[in-house]
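Here the protein sequences line up with chains L and U, keeping their order.
Throughout the first sequence, residue numbering follows my numbering, covering -15 to 331 in sequence.
Throughout the second sequence, residue numbering follows my numbering, covering 269 to 457 in sequence.
Note that the Cβ used here is the ideal one computed from N, Cα and C, for glycine as well.
Remember, it's a predicted structure, so these values are computed and weren't measured experimentally.
Data block below; observations after.
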Amino acid sequence: MSEDSSPVNSSPFCRLGRVQWPLLLLILFVMILEYTGCFSPPPQFRIEILHSVHMLVLTILLAVVTLLRFASGFGERQGWSRLLVQFALFLFCAAAWTSRVTHFEGKSIRFEGQGMQGLMGDYVRPSVYGRSMKMPALGFQVNRLRPETDANGTSLRRLTAEMTLASSWSKVLRNITLSSRVPLFTAWTFVGMTDFGYATRFSMSDLAGNVVDSDYQYLKLFPPGAEDSFVPFTYGYTIYLRFYPDYIDKQGVPTSRSAEYSNPLFKVRIVRHKDIIYNDYMKIGERLKFDDSVFQLHDVVRWAEFSLVKDGGIFVAFAGLICLFASGIIYLLSRRRTVSGGRGADA
Amino acid sequence: MLKLIRLPMIKRMLLALLLALAVAFFCAPRGERINRALFSMGIGRKADAAQLQQLVRRYNAATQGSYATAGLAVDELAVIPAFPVEKRRIYKDINLLRVSGKMVVFDKDKVTIDKVKFVGRDEAFVTSSELWVLVLQDFATRRKLTNLKASQIQCRYHFLRHEGAWKVERMEVFPGEEKLPPLNVRPVL
């Protein structure tokens, strides 16, 4: 008698399983192929893969088969472990649909002392993605950013933000401390910090001292020695910067002792097309004259990138995980009971 | 459906994989599908690499011409294979020089392409070692205002493919003796 036609495997529950698991594999393979960009560029927001029309169709198919399997399993009095697995699969499908309708994510770059009102203008526009576009009902003020680095000051262990938070979950403003290791959950939104750097204000003046161009530039200047560049609005130069907050020369190699502003120093490179006009160190406040212009770097502040994610599907998926976990526990307990019952019969 | 039920498990898994390939293929934009699949297999990269090297030469020739004419030849703008942001940077510089009565002439001495690196099908970096000679001149009389200056540099051209055509998104310049910083700067957290 072949495996497929044996009495145990010919029940509706088992027959539907032979459709369900390949369908689940199909969904997983499609997600992997689209994530890796085999036939089209991977989307900027990976969660878009889950929100696509063909994914919606596939998850609906899977949910229908799962419901049928659950119903047949219930009728055949299959174990709770198996039924919970089916329920978990259905919840995962429901999580995908919920995410499609409720997902919102965006990034906001704030430096010390800057506030975030929760408006669209506070987000970095290309980082915003959402099916609902209902923005999180929260705002905050970044009072202070404290980076904790390793002994060499080259690697960031943790970033801590002291903030004042306004949320729809609280009637009063709260002073909180947000760590980069643990996101904050408030107003149904996860708030985490995903990047860090320094912002410096530059100015370009003419020889008479009139400021022609001046602005803060958010630059990725961490770890010390990392280089970033910008082009001033009025000029065609490209200005490359490296920042050492606590500069020290270690056998000819510039580095930083810590993340504190004990001895701040910039390595500046000013380029006009193929010509390097200046390539040397500059202190904050120091003036550099070149080409009838005066370049100056002023105060340095820390910035952090805050990622806000609001998605109802997370909670539905979490419920599915709990069902899977419970299914595993029930299965293990029933196996132990079966084994100990077998030993008792042998004795 | 009944036949699907009777297939052994391995065959069902293979069928799922084939169906996944078909779904991913037909759901991809029409113009991208085959090109991207070929790129994933490494086919066509040599031709793209050769085209990028040619574009570096064209970019250098066109920008050299723009600086040499102080940007007065309008058709040079269309010839530069770059995005508008990059072209705007070049023209801002040339115009500011002209307003102050000056111009810079760049002469190419040597450009050696070191490496072409593809980040994806539509993104690539070309690094080169270059030697340029430049001089600052008076715009009206073409009189030299400085001595000739040799500029030994390394360049990193960031190319993006837009509507089927490769263009320079950004050109980075480094001193000739320095080690180039890493390509993609990831978040530190």
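Just measuring C-alpha positions, the residue of U:Y335, U:F293, U:R389, U:I421 sitting nearest R366 (chain U) is U:Y335.
Looking from the CA of C(-2) (chain L), the closest CA among L:L52, L:L34, L:P26, L:A47 belongs to L:L52. Against chain U, a Cβ distance below 7 Å from V175 (chain L) picks out nothing, because the smallest value is about 13 Å. Contact with chain U is absent for E89 (chain L), since none of that chain's Cβ atoms lies less than 7 Å from the residue's Cβ.
For L10 (chain L), the nearest CB of chain U lies under 7 Å from its own CB, placing it at the interface with that chain. Residue nearest to I268 (chain L) within the set L:S246, L:R256, L:D259, L:D275 is L:S246 (criterion: CA-CA distance).
Note that the C-beta distance between Y327 (chain U) and V401 (chain U) is not below 7 Å.
A distance below 6 Å between beta-carbons, with the five flanking residues on each side excluded, links T218 (chain L) to the following residues of its chain, in chain order: V196, D197. Identification of residues in the segment 145 to 172 of chain L having a C-beta nearer than 7 Å to some C-beta of chain U yields S164, given in sequence order. Put simply, the segment 158 to 175 of chain L does not touch the segment 209 to 216 of chain L. Fewer than three CB pairs are less than 8 Å apart. From the beta-carbon of K258 (chain L), the residues of chain U found nearer than 8 Å are F374, E398, W400, L402, S419, I421, C423, V441. For the C-beta of D390 (chain U), the chain L residues within less than 9 Å are, from N- to C-terminus, P25. Where A78 (chain L) is concerned, there is no enclosing beta strand (DSSP E), although the alpha helix (DSSP H) around it starts and stops at 64 to 86. In the same chain as Q420 (chain U), and ignoring 5 residues on each side of it, the C-beta atoms closer than 6 Å to its own belong to L399, G444, in chain order.
Runs of the beta strand (DSSP E) lying entirely within the segment 145 to 185 of chain L and spanning at least 3 residues, in chain order: 158 to 163, 168 to 170. In this chain, the beta strand (DSSP E) harbouring T380 (chain U) covers 370 to 388. Proximity of F293 (chain U) to chain L, defined by a Cβ-Cβ separation below 7 Å, is satisfied. P349 (chain U) has a beta carbon lying at 7 Å or more from every beta carbon in chain L. P207 (chain L) is positioned such that its CB atom lies no closer than 7 Å to that of Y228 (chain L). When U:I302, U:K360, U:F374, U:Q322 are compared, the shortest CA-CA separation from P349 (chain U) is found for U:Q322. Rounded to whole angstroms, R226 (chain L) and T138 (chain L) show a C-alpha spacing of 13 Å. Between P120 (chain L) and K294 (chain L) a beta carbon distance of about 5 Å is seen, short of the 8 Å cut, so the two are scored as contacting. A296, P297, E300, R301, R304, A305, S308: these are the residues of the segment 296 to 322 of chain U whose beta carbon lies less than 7 Å from some beta carbon of chain L, given in chain order. Within the DSSP bridge table, the entry for K251 (chain L) names L:R226, L:Y265 as partners. In the displayed model, H35 (chain L) falls within a helix according to three-state DSSP. Across the set L:R320, L:S324, L:L316, the C-alpha of L:L316 shows the shortest separation from the C-alpha of S65 (chain L).
Residue pairing by DSSP places K258 (chain L) opposite no residue, since no beta bridge is assigned to it. For Q280 (chain L), DSSP records a beta bridge to L:S187, L:R271. For G123 (chain L), the enclosing beta strand (DSSP E) stretches over residues 122 to 133. DSSP places I232 (chain L) within a strand segment (E or B) once states are collapsed to three. Shown here for P248 (chain L): same chain residues with a beta carbon closer than 8 Å to its own, the five before and five after excluded, namely F227, Y228, P229, D230, Y231, K267, I268, V284 in chain order. Between C77 (chain L) and chain U, the shortest Cβ-Cβ separation is not below 7 Å.
Straight across, the Cα-Cα distance linking L306 (chain U) with A284 (chain U) is about 22 Å.
Bridge partners of K294 (chain L) according to DSSP: L:F88. R(-1), R2, V3, P6, L9: these are the residues of the segment -7 to 9 of chain L whose beta carbon lies less than 7 Å from some beta carbon of chain U, given in chain order. Not flagged as an interface residue toward chain L: A433 (chain U), since no C-beta distance is shorter than 7 Å.
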